[in-house]
Amino acid sequence: MITVETIVNELNSLPEPLLAEVLSFIRGAKNKFVQPSQQLGFQRVAGLHEGQIWMSDDFNEPLSDEFWSVIAILIKQKV
């Protein structure tokens with residue numbers, strides 16, 4: 045069985061960028077096994093904001109080449 049001490053020892057030897065990935069993985073794993081009502085602390089109410097949200101008429105239209113150019117630049121910069 046893996047102990048907390050073993051995990052901590054391994055974490056202490058990791059570089060900072062890898063620690064960020066480990067933290068992201070841990071949070072994702074926790075969310076996978078936590079029930080939605082446990083995450084929120086309250087029950088959702090269906091229809092609570094009915095009519096207050098809208099979606100653009102062109103929502104399903106393809107995004108422009110300019111948009112994808114900016115996204116490509118941001119990905120290269122890791123922003």
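Number 88 in my numbering belongs to position 44 of the sequence shown; there are no gaps in the numbering.
Don't be surprised by glycine CBs; every beta carbon is placed ideally from N, CA and C.
Give the straight-line distance between the Cα atoms of N56 and T47, rounded to the nearest whole angstrom.
-> Taking the sequence shown and counting its residues from 1, the one referred to as residue 56 is at position 12. Taking the sequence shown and counting its residues from 1, the one referred to as residue 47 is at position 3. Near 15 Å, if we compare the C-alpha coordinates of T47 and N56.
Can you tell me whether DSSP reads F103 as helix, strand or coil?
-> Counted from its first residue, the sequence shown places residue 103 at position 59. Three-state result, F103: coil.
By Cβ distance below 8 Å, which residues in the same chain neighbour L63 in space, the five residues on each side in sequence not counted?
-> Position 19 of the sequence shown, counting from 1, holds the residue named residue 63. So the qualifying residues of the chain are L55.
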